[in-house]
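Reviewing the structure listed below.
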Amino acid sequence: MYNNHRSELHLMAPNKRIRDLWIAGLQILIDRQARKSQRDLIKEENWILSYFRLADKDKSNSLSKRECRKLLTNSLNVKVPNDIFERLFQKADK
Numbered sequence: 016m017y018n019n020h021r022s023e024l025h026l027m028a029p030n031k032r033i034r035d036l037w038i039a040g041l042q043i044l045i046d047r048q049a050r051k052s053q054r055d056l057i058k059e060e061n062w063i064l065s066y067f068r069l070a071d072k073d074k075s076n077s078l079s080k081r082e083c084r085k086l087l088t089n090s091l092n093v094k095v096p097n098d099i100f101e102r103l104f105q106k107a108d109k
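Taking this note's numbering, the leading residue of the sequence shown gets 16, the next gets one more, and so forth.
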């Protein structure tokens, strides 16, 4: 998904009924995402911007490598291996 560093997840349901429940639940999530309104997207953008502003300690309107790492780890609880973080940061910093 989005060619990121995350691994695939293969699920095996214990039976057909559970499999069908999983499929129905995933379809609901996909449909909800597809129906998001402009207002929903703006709310998401504001959420992201508020975290960005909190992470931008020097108010430079950009994140240093250190600020970015702290944002991911401390605020968003995202654990990214150092080599992958370095590669993604360098790519974004171009």
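Backbone N, C-alpha and C fix where the C-beta goes; we use that ideal spot for every residue, glycine too.
Closest by C-alpha distance to residue i, when choosing among the options
{"i": "D71", "options": "W62, D46, E82, D98", "result": "E82"}
{"i": "L69", "options": "L56, K85, K106", "result": "K85"}
{"i": "L64", "options": "D46, Q53, S77", "result": "S77"}
7 Å Cβ cutoff met for residue i and residue j
{"i": "A28", "j": "W37", "result": "yes"}
{"i": "F104", "j": "K74", "result": "no"}
Whole-angstrom C-beta distance between residue j and residue i, which should lie under 8 Å
{"i": "Y66", "j": "L41", "result": "Not a contact, Cβ separation roughly 27 Å."}
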